[in-house]
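Numbering (this note's numbering), first residue to last: 17 to 251.
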């Protein structure tokens with residue numbers, strides 16, 4: 017039940033299918049609230065022993081290998097959500113306060129990505145925005161979502177690794193495997209972003225102003241506020 021609800025291998029296909037058939041607003045809900053609630057539930061009622069750790073790490077490895085350069089952006093987000101199961105579950109197990117901050121920051125990031133895409137009415141593949149400013153903003157939020165170094169969201173992953181090393185230093189090899197699979201996932205993000213820059217969007221896009229809009233500015237400021245709050249709580 018745990019593996020099915022969190023769309024872990026080999027029960028991942030239903031989540032991918034749902035993402036491809038859903039609107040971007042529904043994808044935001046499935047990637048945030050509908051993901052955090054079952055994670056919290058299972059962490060309270062399951063004793064996550066080392067076997068489950070191995071299962072979740074294996075799921076992350078599988079997802080990093082499963083993602084194809086020909087996937088639609090919705091399918092990539094579905095695989096990425098499943099990939100992050102290990103990260104979300106163990107942040108909750110190690111520190112509930114940090115999980116709450118992580119959940120809010122993660123929701124802001126995924127909202128920003130889906131908000132920008134939904135404004136252009138695209139349901140498949142990648143988007144080339146009519147406004148270069150909006151397109152660059154979209155790329156920045158995708159990079160933040162991937163939690164690469166130099167992005168503020170990388171602090172979440174770095175703090176997670178630090179806490180896990182303190183929790184169980186005997187599992188360093190498992191953490192290393194997870195990081196390697198994460199690097200593979202990031203590399204595929206970079207390739208897909210480059211590919212999106214070189215292809216023309218076959219979809220009709222809604223017209224939008226040149227600027228990012230008040231909503232996106234407020235969301236970005238809120239993200240910065242949550243970043244500072246996370247630092248205070250983690251100290």
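All residues carry an ideal CB built from backbone N, CA and C; glycine is no exception.
My guess is that residue i and residue j are in contact by the Cβ rule of under 8 Å, so how many angstroms apart are they, rounded?
i, j, result
"residue 73", "residue 102", "6 Å"
"residue 105", "residue 34", "About 20 Å separates the two Cβ atoms, so there is no contact after all."
"residue 16", "residue 44", "Because the chain in this structure spans residues 17 to 251, residue 16 falls outside the shown range and cannot be described."
"residue 41", "residue 90", "Actually they do not touch by this definition, with Cβ atoms about 12 Å apart."
"residue 94", "residue 32", "4 Å"
"residue 69", "residue 190", "6 Å"
"residue 99", "residue 76", "5 Å"
"residue 92", "residue 208", "7 Å"
Find out if the Cβ-Cβ distance for the pair residue i, residue j is shorter than 7 Å.
i, j, result
"residue 97", "residue 39", "no"
"residue 78", "residue 25", "yes"
"residue 126", "residue 118", "no"
"residue 80", "residue 197", "yes"
Quick one: using the 10 Å Cβ neighbour count with 16 as the cut-off for buried, is residue i buried or exposed?
i, result
"residue 86", "exposed"
"residue 29", "exposed"
"residue 251", "Caution applies to residue 251, whose pLDDT of 48 falls short of 50 and renders its modelled position unreliable; the model cannot decide the point."
"residue 205", "buried"
"residue 156", "exposed"
"residue 228", "The predicted position of residue 228 is uncertain, since its pLDDT is 45 and thus under 50; a value taken from the coordinates is nonetheless stated next. When all chains shown are included, residue 228 counts as buried."
"residue 188", "exposed"
"residue 121", "buried"
"residue 152", "exposed"
"residue 163", "buried"
"residue 199", "exposed"
"residue 113", "exposed"
"residue 132", "buried"
"residue 201", "buried"
Which full runs of the alpha helix (DSSP H) of 4+ residues lie inside the region 21-87, going along the chain?
Counting only runs that start and end inside the region 21-87, the alpha helix (DSSP H) elements of at least 4 residues fall at 29-37, 40-47, 49-61 and 66-82.
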